[in-house]
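Asks: Just passing along the structure, written as structure tokens.
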Amino acid sequence: MDRQSTIVILTGAGISAESGLATFRGPGGLWEGHRVEDVCTPEALADDPVLVHRFYDDRRAALTRVEPNAAHHALARLDAEWPGDLLIVTQNVDDLHERAGAQRLLHMHGELLSALCAACGDRRAWVESLPPGSHCPACGTGALRPDIVFFGEMPYAMDRIEAALSRADLFVSVGTSGAVYPAAGFVQTARHYGAQTLELNLEPSAGSIFFHETRLGAASVLVPAWVDELLAQSTT
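Take the sequence shown: its letters are residues 21 to 256, numbered as in the working numbering.
In structure tokens form, the structure reads like this:
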């Protein structure tokens, strides 16, 4: 592939699982022992804000006990060395891509280390606990909530993502289930605009049929090997 080619990479829970973070929908549809519907919807926040805030406080604290793995580091290396356009779009709300060194990165589902004001829309870095009623420094209301895109809410930066997909020469999906939209539809969008598509996953996703190629295995093995291959090809 030419070194001026445009690459879009989508990452999901599978890339962080090897670092010790639970996948979004584990056995029985649970996320860290909770039904997703009980901790990741606007209705859940309204019905039981104490539970929802505590859940994300616990997930925020868990980040201090994990480290980026070889897959995160490999993508950070690609980000640093690829001279063409590149965008890593992650569905993950952890900070492992950043800690590995990735910079051309977009969190479409929000971030654990961020707080959102439901009143004024202010977003700001947040590393401490975030109890219900926490006051927004921007507008003074007690409307801060976890900066997480709940089911029923619009993911961040969809215009930017769609523009990147329309220009992509290569779309790569890493560790995603292929079951959560709109991200699950990115491969079809990229193919519509002519991109080559590659899936790197522990097992075939729900959308594997739409990829030109699927490679199965652990992200910590597949991603570094693919990055080495891509960078080697681009120098010949």
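Note that beta-carbon positions come from the ideal geometry of N, C-alpha and C, so glycine has one too.
(1) Since I believe SER197 is in contact with ARG23 (beta carbons under 8 Å), could you give me their beta-carbon distance rounded to a whole number of angstroms?
(2) Are the CB atoms of LEU164 and SER154 nearer to each other than 8 Å?
(3) Run through DSSP, which three-state label would PHE75 get?
(4) Please list the segments of the alpha helix (DSSP H) lying wholly inside the segment 163-205, counting only runs of 4 or more residues, in order along the chain.
(5) What does a CB cutoff of less than 7 Å around PHE171 pick up in its chain, not counting 5 residues either side in sequence?
(6) Using 10 angstroms around the beta-carbon of CYS137, count the other beta-carbons present and answer buried if the total reaches 16, otherwise exposed.
(7) In angstroms with no decimal places, state the Cα-to-Cα distance between ASP105 and ARG187.
(8) Rounded to whole angstroms, what's the CA-CA distance from ILE29 to ASP68? Just pull it up for me.
(9) Jot down the residue ranges of each uninterrupted beta strand (DSSP E) in the segment 208-254, minimum 3 residues, whole runs only, in chain order.
(10) Is DSSP giving ARG97 helix, strand or coil here?
(11) Using 8 Å as the threshold, is the C-beta distance between HIS127 and VAL113 below it?
(12) Would DSSP call LEU116 helix, strand or coil?
(13) Classify ALA82 as helix, strand or coil using the three-state DSSP reduction.
(14) Counting beta carbon pairs with one atom in the segment 229-244 and one in the segment 85-105, are three or more of them shorter than 8 Å?
(15) Give the list of continuous beta strand (DSSP E) stretches no shorter than 3 residues that lie fully inside the segment 26-61.
(16) Do ALA239 and GLY40 count as a contact pair if the criterion is CB distance below 8 Å?
(17) Could you please give me the residues that DSSP links to ALA158 through a beta bridge?
(18) In three-state terms, what does DSSP make of ALA145?
(19) Which value, in whole angstroms, describes the spacing of the CA atoms of GLY53 and PHE75?
Replies: With the given structure in hand:
(1) Along the sequence shown, one-based indexing puts residue 23 at 3. Along the sequence shown, one-based indexing puts residue 197 at 177. With 8 Å as the limit, ARG23 and SER197 do not qualify as a contact, their Cβ atoms being about 31 Å apart.
(2) Here residue 164 is taken as the residue at index 144 of the sequence shown, counted from 1. Here residue 154 is taken as the residue at index 134 of the sequence shown, counted from 1. Closer than 8 Å, so yes.
(3) Translated into positions along the sequence shown, residue 75 becomes position 55. Three-state result, PHE75: helix.
(4) 178-187
(5) Position 151 of the sequence shown, counted from the first residue, corresponds to residue 171. Within the same chain, PHE171 has close Cβ partners CYS60, THR61.
(6) Here residue 137 refers to the residue found at position 117 when the sequence shown is read from its first residue. When all chains shown are included, CYS137 counts as buried.
(7) Within the sequence shown, numbered from 1, the residue matching residue 105 stands at position 85. Within the sequence shown, numbered from 1, the residue matching residue 187 stands at position 167. Approximately 9 Å between the Cα atoms of the pair.
(8) Counted from its first residue, the sequence shown places residue 29 at position 9. Counted from its first residue, the sequence shown places residue 68 at position 48. ILE29 and ASP68: Cα-Cα distance of roughly 35 Å.
(9) 216-221, 233-236
(10) To locate residue 97, count along the sequence shown from 1; it is residue 77. Three-state DSSP puts ARG97 in a helix.
(11) If you number the sequence shown from 1, residue 127 lands on position 107. If you number the sequence shown from 1, residue 113 lands on position 93. Taking 8 Å as the Cβ cut-off, HIS127 and VAL113 qualify as a contacting pair.
(12) Indexing the sequence shown from 1 puts residue 116 at position 96. Of the three classes helix, strand and coil, the one that applies to LEU116 here is helix, per DSSP.
(13) Here residue 82 refers to the residue found at position 62 of the sequence shown. In the structure shown, ALA82 sits in a helix (DSSP, three-state: H, G or I).
(14) yes
(15) 27-31
(16) In the sequence shown, residue 40 corresponds to position 20, counting from 1. In the sequence shown, residue 239 corresponds to position 219, counting from 1. No; because the gap between Cβ atoms is not below 8 Å, this pair is not in contact.
(17) Walking along the sequence shown from the start, residue 158 turns up at place 138. Per DSSP, none; premise fails for ALA158.
(18) For the purposes of this step, residue 145 is taken as residue 125 along the sequence shown, with counting starting at 1. It is a strand residue.
(19) Taking the sequence shown and counting its residues from 1, the one referred to as residue 53 is at position 33. Taking the sequence shown and counting its residues from 1, the one referred to as residue 75 is at position 55. Distance between the alpha carbons of GLY53 and PHE75 is about 10 Å.
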